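Some notes on the structure that comes next.
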Amino acid sequence: MTVTSAPDVVSALLDRAAAHPARVAIRDHRGRSVTYGDLGRGIRALATHLEESGVAHGDGVLLAVRPSPRAVMAALGVVLARGVVVVADPGAGAALRDVRRRIVPVRAAVADTVVHAATTRPLSALLARWPATAGLQLSDLSEPHLVHVVTGPRLPGVPRSATRWESLPEGAVTRPAGDASRDALVVFTSGSTAAPRAVVHSVRSLSAGVRAAVEALGLDERVVMHTDQLMIGLPTLVAGGRWSLPPVTATTAASVRQAARERATHLYAVPAKLLAAAELGLPQTVRHVAMGGAPVLPTGIRRITQLVPGVTVRAVYGLTEALPVAVATGEQVLDSPPGRTCLGFPLPGVSVRIDTPAGSADVGPGAAADGAADVGEIVVVAPQGRDRIAGEQPTREVRTGDLGSLGPDGTLLLAGRSKSMIIRGQANIYPDLVEPLLREHAGLAIRDCALVGVPDPVSGEERVVLAVVPEAPQTQRSRSTAQSVARAVHRAWPDLADEGWRPDEVVVVEAVPRRGRSAAVDLEALRALVATAPRRDRS
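Residue numbers (the UniProt record's numbering): 1 to 539.
Structure representation (structure tokens):
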């Protein structure tokens, strides 16, 4: 593969633009192409405009642009201007307000015109009542002092002073992006286990993450990557490949059709999306698939390899604070020991420590894995690790919140999320590993489910409760539904998980309460729900 040796991600992409200006870099679902030369011009144009408009080094620039070529140009243009990209995440709420107030002075905003329109009345009031957007808080972009750049159709709510993207002047900024240790990006955790937190990446950590993805996924100029994920698309561009970019709202069928038109060689998606695409039939040009963003289980790998024989499968493990950390082959995942999912070997330069009550085990450069099977929190130190969490003391260590252990060969094994682990007697039960198996089991007809521990008020011992949403509509459920579902679960259990993980109760619920953009189970709400569920099966 050919990987640019440029010191930072912006310089790397500008080098590609200079070397191959006519090569297609990105193609969208409508067949519109953006060349590397176009990307370079857009990056320099925005950087020049920000500097000429008085945006100083270290100033924050709100970014509210849907995944698109312009989103890439905007983000890298801000970094080239030596500003700090602040992702205007509508799910971040108080964390975003706190960043703007105390961490990074925001001086500019680059946004789709639809974002401006959505913050005007009465549309904002309508969105607040709509279930799909209830609880989301769009950033207030109306401050008159901000330097505004907008992209998209003309809509109400856009400040009169805003500069349309098409009107940006020819860019003159060509120098490197500056000190590698300076802040480059503020992005927010998903809020799946706690309130969202602001993660601050430096130019160095952002660039290291891109380079690590290029190497781990074997990306080069021949790759046509089909994905809607920026942190996979960006490494593809740095490697000189082509990014086939579907809309985040695309149906599985539409996304597969686009991949076929573009003759995609690689696909990346969350496991559920990739499995759905494989069920429809992947284009014959696709020989490499990668999954991430959720646990990649042996059942999923087995199904994909059945549907797409000969395809190379990779499972990517990482998080907002450090991406990627490890990449496993499909064979490694299939060979996972009982109760664990193999995450592969930590990538070069990545050190991993397992924090257990009995001590720590380490694996990384120069460290030998002792094969300890003790489960503890996975703690990572890596070049691609974030600089700090806003408002907290800087530390090189990234505490993942994931539970894991080290295999005898030094591979990293995932056991589950520390927040969701259930302790019953001598058994540590990891819901993340068994819930997908229940949902995927053809004989159970389960739409959704979640395992939760409910402490006994006297002994403190946790009873394991399985909350189930059956496929049958609520109007068709009888009083015997809970009993029939419970019997089916208990019959299937030996094929799904260890006997020690079997639930004490199976409870039928209307919906599993979830929170955050990752839709993780809201454990406290679930405990309250199962405590009052009228129909249950007790073992």
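The beta carbon of each residue, even a glycine, is placed where N, CA and C say it ideally should be. Predicted, not measured: the structure shown is a model, and the values here were computed from it.
Relative to the Cα of LEU219, the nearest Cα in the group SER255, LEU267, GLN258 belongs to LEU267. In the DSSP assignment, HIS116 falls within the unbroken alpha helix (DSSP H) covering 113-118. Rounded to the nearest whole angstrom, the C-alpha separation of VAL350 and PRO383 is 7 Å. In this structure, LEU96 sits away from VAL9, with a CB-CB distance that is not shorter than 9 Å. In its chain, beyond the 5 residues on either side, LEU444 have a beta carbon closer than 6 Å to the beta carbon of ALA488. Taking the CA atoms as reference points, ARG204 sits about 13 Å from VAL84. Residue state for GLU499 is assigned as helix, using DSSP reduced to three classes. Taken through DSSP and simplified to helix, strand or coil, THR299 comes out as helix. Within its own chain, the residues whose Cβ lies closer than 6 Å to the Cβ of PRO159, once the five positions on either side in sequence are excluded, are HIS148, listed in chain order. Here the C-alpha atom of GLY58 lies approximately 27 Å from the C-alpha atom of TYR36.
Around LEU323, the same chain offers GLY209, MET231, GLN384 as residues with beta carbons nearer than 7 Å, after the five sequence neighbours per side are excluded.
If you keep only unbroken alpha helix (DSSP H) runs of at least 4 residues inside the stretch 54-108, you get 69-80, 94-98.
The C-beta of VAL86 has 16 or more other C-beta atoms within 10 Å across all chains shown, which makes the residue buried. Put simply, the stretch 465-473 touches the stretch 438-454. At least three CB pairs are less than 8 Å apart. Taking a contact as a CB-CB distance under 8 Å, the pair GLY240 and GLU221 counts as one, their CB atoms being some 4 Å apart.
At the C-beta level, SER202 and ALA184 come within 9 Å of one another. If you look at LEU168, you'll find it isn't in any beta strand (DSSP E); DSSP assigns it neither H nor E.
Rounded to whole angstroms, LEU39 and ALA326 show a C-alpha spacing of 30 Å. In the three-state scheme derived from DSSP, where H, G and I count as helix and E and B as strand, MET231 is classed as helix.
The stretch 283-293 makes contact with the stretch 311-322, as at least three CB pairs between them are under 8 Å. Residue environment for SER11: buried (at least 16 other C-beta atoms within 10 angstroms of its C-beta). Taken through DSSP and simplified to helix, strand or coil, SER420 comes out as coil. Here ASP112 really is in contact with VAL65; their C-beta atoms are around 6 Å apart, less than 8 Å.
Membership of GLU52 in any beta strand (DSSP E) is not indicated; the residue belongs instead to the alpha helix (DSSP H) covering 36-52. Along the length of the stretch 243-305, whole alpha helix (DSSP H) runs at least 4 residues long occupy 252-261, 271-280, reported in chain order.
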